[in-house]
Amino acid sequence: MSVYGFLGFSYDFRWSVLWTPPHGTWLIDGLLMTLRLSALSWIIAVLLGILFGALRTVPFRPLRILATAYVEFFRNVPLLVWLFFWYFGVPEIFPESVRQWLNRHGAEFLCAVAGISIYHGARISEVIRAGIQSIPKTQLEAGLSTGLSVTQTYRLIIIPIALRLIVPPVTNESLNLLKNTSLAMTIGVAELTFATRQIETYTAKAFEAFTAGTLIYLALCLGIAYVMNRVERKFAIPGLIVRAGRAEH
Amino acid sequence: MDWAVIISNAKFILLQGLVGIGRFGGGTLALAIPAILLGFGVGITLGLSRLAQRSWIHYPAAIYIEFIRGIPLVMVIFWFWFLVPVILHRPVPEYWIALSAFVMFEGAYIGEIVRAGIQSVPRGQVDAATSSGLNYGQMMWHIILPQAVRNIIPSLVTQFIVLFKDTSLASIIGMMDLTKAAQTVSQRELRPFEMYLFIAVVYWVCTYSMSRFSQWLEVRMSPERKPAL
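And the structure:
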């Protein structure tokens, strides 16, 4: 089917390229890889975020400085640069045996997970710090005066409240993470964007390939946003209208 | 760690990659600065449209913003990379493809910032402007937008930092920027660790100083701040 658009260019649409073998499998494998990469990176990023976000608020200066250094260094440099750094740069300084081990175990995927989770861990920790700091200091003091230790106060009081406050900004950040996994294509991870580019290269049908990729990303993001919106309402603390700050950038 | 390779290539990376002076054109700053200015124009248009009463203005803007925010920037860049030459019937340099993609992408995010800024202006200002006989355009131009823009300047600086980092993606379609410059050098010198660490530091110095500036601006411009005597 040939279409002559109002802008005067012609384009021969052939949507079947999306499901003629093996292109359909590429798309599905790409989607699964995007999900796998996002899920694994997300788990590590959230753990790093909780750890460093909490460390930035503890009353012990050296730990705060350490956590601040991590956050400020990693989130202020583009993710793409981190991916190149972890994939091309870091293996260079290790001995040959380590590099061979990495190559046997899928260096692309491991480096993508490292890059994405460390970068987003820094961003999530900012969200968590803002969440913790929006909790009045009196909560900490009350906890301490009932005889809890600092660790116990954090574990039993501060972190549970903060976790509920930060659902909306963390959702936002998680969607950023999902979208940012598309950068992993640059180091050769066969995720969704990689798959659409591959179809485009093999068939020269860029419009169809990019449409497929775009719609899948849209469906994922809008779907997650919808679910989290409902979760947000369920977890909102009654009577508390304060919204934790979003990550700055 | 090989410092010599950094020192001997620093001039190329900073001049060509960061500023864009050299035979490859491009440049991170040469892309980021026009992109934020033009993106601000698109953002104001989208933000105002999204607040419009008429649904045929409101819905297209809302759908555009949600659409752009729901897909990765890489995808947007690939779309422009494919569509712009097809529409214009001729090859387009990577710089112009990247610039148009960034303007339209950041425009959606700035549109949301502008909308929040306008909504932060108290309702009484609209009533006062209307009752003093100003029409919609005059009210927006003289009363609402000046206050809104003042409120959102810190967010705009933050958005510029985001954009500055995002421009690294222009290297994917082959535009010469900091990232591409480091890539080129590290392929020649076989020193990826040093080169990527070096541009990480360059990016960091730029973004961190801007983020400190934005914090300073936020304190300075906050309404709670007492006026200087």
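If you're matching them up, the sequences are chains L and C in order.
For what it's worth, our numbering labels the leading residue of the first sequence as 917, then goes sequentially.
For what it's worth, our numbering labels the leading residue of the second sequence as 47, then goes sequentially.
Beta carbons: idealized from backbone N, C-alpha and C, even for Gly.
Everything numeric in this text was worked out from a predicted model, so none of it was measured.
F1108 (chain L) to A1152 (chain L) span [Cα, whole Å] | The amino acid at residue 1108 (chain L) is misidentified as Phe; the sequence shows Leu. L1108 (chain L) and A1152 (chain L): Cα-Cα distance of roughly 34 Å.
Would you call T1069 (chain L) buried or exposed, if buried means 16 or more other Cβ atoms sit within 10 Å of its Cβ?
-> So T1069 (chain L) counts as buried.
Cutoff 6 Å; reference A1111 (chain L); Cβ partners in own chain excluding five residues on either side | Once the five neighbours on either side are set aside, the close Cβ partners of A1111 (chain L) are W942, L943 and G946.
T1117 (chain L) CB to nearest chain C CB: under 8 Å?
-> Chain C contact via Cβ: absent.
Determine, using beta carbons only, whether T1127 (chain L) and M121 (chain C) come nearer to each other than 8 Å.
-> No, Cβ-Cβ distance for T1127 (chain L) and M121 (chain C) is not below 8 Å.
When you compare only the Cα positions, how much space is there between A1028 (chain L) and Q99 (chain C)?
-> Straight-line Cα distance between these residues: approximately 45 Å.
Between V160 (chain C) and the rest of its own chain, which residues show a CB-CB distance below 6 Å, the 5 nearest in sequence each way excluded?
-> Residues G89, I90 and G93 of the same chain have their beta carbon placed closer than 6 Å to that of V160 (chain C), with the five preceding and five following residues left out of the count.
Quick one: give me the first and last residue of the alpha helix (DSSP H) that A1058 (chain L) is part of.
-> A1058 (chain L) -> alpha helix (DSSP H) spans K1053 to S1061.
Which first and last residues belong to the alpha helix (DSSP H) in which M949 (chain L) is found?
-> Looking at the DSSP string, the run of the alpha helix (DSSP H) that includes M949 (chain L) is H939 to L971.
Identity of the residue in C:A162, C:L134 and C:F58 nearest V231 (chain C) by Cα = Closest option to V231 (chain C), Cα to Cα, is C:F58.
Nonlocal neighbours in the same chain, by C-beta distance under 6 Å from G157 (chain C), ignoring five residues either side = In chain order, G89, L92, G93 and I111 place their CB closer than 6 Å to the CB of G157 (chain C), counting only its own chain and leaving out the 5 sequence neighbours on each side.
Would you tell me roughly how many angstroms separate the C-alpha atoms of L275 (chain C) and N1088 (chain L), rounded to the nearest one?
-> At L275 (chain C), the pLDDT of 44 sits below 50, so the modelled position is not reliable; the number obtained from the coordinates is stated separately. Straight-line Cα distance between these residues: approximately 42 Å.
Span of the alpha helix (DSSP H) around G1002 (chain L) = Checking the displayed sequence, the identity of residue 1002 (chain L) turns out to be Trp instead of Gly. Segment: none, W1002 (chain L) is in no alpha helix (DSSP H) and carries neither H nor E.
Applying a beta-carbon distance threshold of less than 8 Å, which residues of chain C neighbour I1032 (chain L)?
-> Under the 8 Å cutoff, chain C gives no residues; its nearest Cβ is about 12 Å from I1032 (chain L).
Quick one: which residues of the segment 90-117 of chain C get their C-beta closer than 9 Å to a C-beta of chain L? List them in chain order.
-> Of all residues in the segment 90-117 of chain C, E112, F113, R115, G116 and I117 have a Cβ within less than 9 Å of some Cβ in chain L.
Give a yes or no on whether the C-beta atoms belonging to W998 (chain L) and G969 (chain L) are separated by under 8 Å.
-> No, these two residues do not count as a Cβ contact at 8 Å.
Taking contact to mean at least 3 C-beta pairs separated by less than 8 Å, is the segment 177-185 of chain C in contact with the segment 113-133 of chain C?
-> Result no; under three Cβ-Cβ pairs closer than 8 Å.
Mind checking which residues open and close the alpha helix (DSSP H) that includes Y1070 (chain L)?
-> Run containing Y1070 (chain L): none; DSSP gives neither H nor E here.
First and last residue of the alpha helix (DSSP H) that includes V132 (chain C)?
-> Residue range L119 to L134 is occupied by the alpha helix (DSSP H) that includes V132 (chain C).
Sorted by chain position, which residues of the same chain lie with C-beta nearer than 7 Å to L134 (chain C)'s C-beta, five sequence neighbours on each side aside?
-> Around L134 (chain C), the same chain offers no residue with a beta carbon nearer than 7 Å, after the five sequence neighbours per side are excluded.
Three-way DSSP call (helix, strand, coil) for S146 (chain C) in this model = Assignment of S146 (chain C) by DSSP, reduced to helix, strand and coil, places it in the helix class.
For T1130 (chain L), does the three-state DSSP call read helix, strand or coil?
-> Three-state DSSP puts T1130 (chain L) in a helix.
Could you spell out the range, first to last residue, of the alpha helix (DSSP H) harbouring H1036 (chain L)?
-> That run of the alpha helix (DSSP H) goes A1023 to Q1049.
Evaluate contact between the segment 213-233 of chain C and the segment 173-180 of chain C, counting only Cβ atoms and requiring at least three cross-stretch pairs below 8 Å.
-> These segments do not touch.
Closer than 7 Å at the beta carbon, the chain C residues around E1012 (chain L) | Here the premise fails: no neighbours, minimum Cβ distance about 15 Å.
Whose C-beta lies closer than 6 Å to the C-beta of E1148 (chain L) among residues of the same chain, with five residues either side of it excluded?
-> V1083 and P1084.
Consult DSSP for M241 (chain C) and reduce its assignment to one of helix, strand or coil.
-> Under the three-state reduction of DSSP output, M241 (chain C) falls in the helix class.
Looking at the structure shown, is V231 (chain C) part of a helix, part of a strand, or coil, going by DSSP?
-> Note: V231 (chain C) maps to helix in three-state DSSP.
Rounded to a whole number of angstroms, what is the C-alpha to C-alpha distance between L220 (chain C) and G71 (chain C)?
-> It should be noted that the sequence gives Gly, not Leu, for residue 220 (chain C). Looking at the two C-alpha atoms, the distance is approximately 11 Å.
Cβ-based neighbour list, M1144 (chain L), same chain, cut-off 6 Å, excluding 5 preceding and 5 following = Excluding five sequence positions before and after M1144 (chain L), the CB atoms of its chain that fall closer than 6 Å to its own CB belong to T1087, given in chain order.
Output the residue ranges of the alpha helix (DSSP H) runs that lie fully inside the segment 71-100 of chain C and measure 4 residues or longer, sorted by chain position.
-> If we require 4 residues or more, the alpha helix (DSSP H) runs fully inside the segment 71-100 of chain C come out as 74-96.
Identify each residue in the segment 965-987 of chain L for which the Cβ-Cβ distance to at least one residue of chain C is less than 9 Å, and report them in chain order.
-> Flagged: no residues at all.
Report the neighbours of S232 (chain C) on chain L: residues whose CB is nearer than 9 Å to its CB, in chain order.
-> Taking the beta carbon of S232 (chain C) as reference, the chain L residues within 9 Å of it are F1000, F1004 and G1005, listed in sequence order.
With 9 Å as the C-beta to C-beta threshold (strictly closer), list the residues of the segment 1081-1100 of chain L near chain C in chain order.
-> Listed in chain order, the positions of the segment 1081-1100 of chain L with a beta carbon within less than 9 Å of a beta carbon of chain C are L1091, L1094, K1095, N1096, T1097, S1098 and L1099.
Alpha-carbon to alpha-carbon, S1050 (chain L) and I1075 (chain L) = Spanning the two alpha carbons is a distance of roughly 12 Å.
8 Å Cβ cutoff, W125 (chain C) in contact with chain L | Among the residues facing chain L, W125 (chain C) is included, as its CB has a counterpart in that chain under 8 Å away.
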